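In this note's numbering, the protein residues as written are 5 to 106.
For reference, the structure is listed below as structure tokens.
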């Protein structure tokens, strides 16, 4: 049996690894040219090149130590689209352990 949620989760995990490793070429391969990224409520970045720049700025902000993982995932599908609601974890390894951002 095909599990679209599992396939979607695998893509999201691949993107998390790419973000954590700052592998923007791999990360951008998952984005459409007209994609939109919600950086935070009220801040939406549009277009593949602007999304790349946003991820680079985020890496700079977190001093290139950000590790991205996901918690609980809910997928709502309809009309050929999926809305994914996830608990995103942003961790920063420190000398004293791991500091969790969200």
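No residue lacks a Cβ here, since even glycine has one placed at the ideal position from N, Cα and C.
The model shown is predicted, which means the values in this text are computed figures rather than measured ones.
Given that a residue counts as buried once 16 or more other Cβ atoms are within 10 Å of its Cβ, and exposed if not, what is residue i?
i	result
residue 23	buried
residue 55	buried
residue 72	buried
With distance defined between alpha-carbon atoms, name the residue in the options nearest to residue i.
i	options	result
residue 69	25, 90, 85, 36	25
residue 94	81, 66, 52	66
residue 38	61, 53, 78	53
residue 30	40, 36, 18	18
residue 51	64, 33, 77	33
residue 41	88, 96, 103	88
With distances taken between CB atoms, is the gap from residue i to residue j smaller than 9 Å?
i	j	result
residue 92	residue 75	yes
residue 43	residue 16	no
residue 49	residue 57	yes
residue 28	residue 60	yes
Quick test of your reading: residue i and residue j, contact by CB under 8 Å. State the CB separation rounded to the nearest angstrom.
i	j	result
residue 109	residue 86	Any question about residue 109 goes unanswered here, given that the chain covers just 5 to 106.
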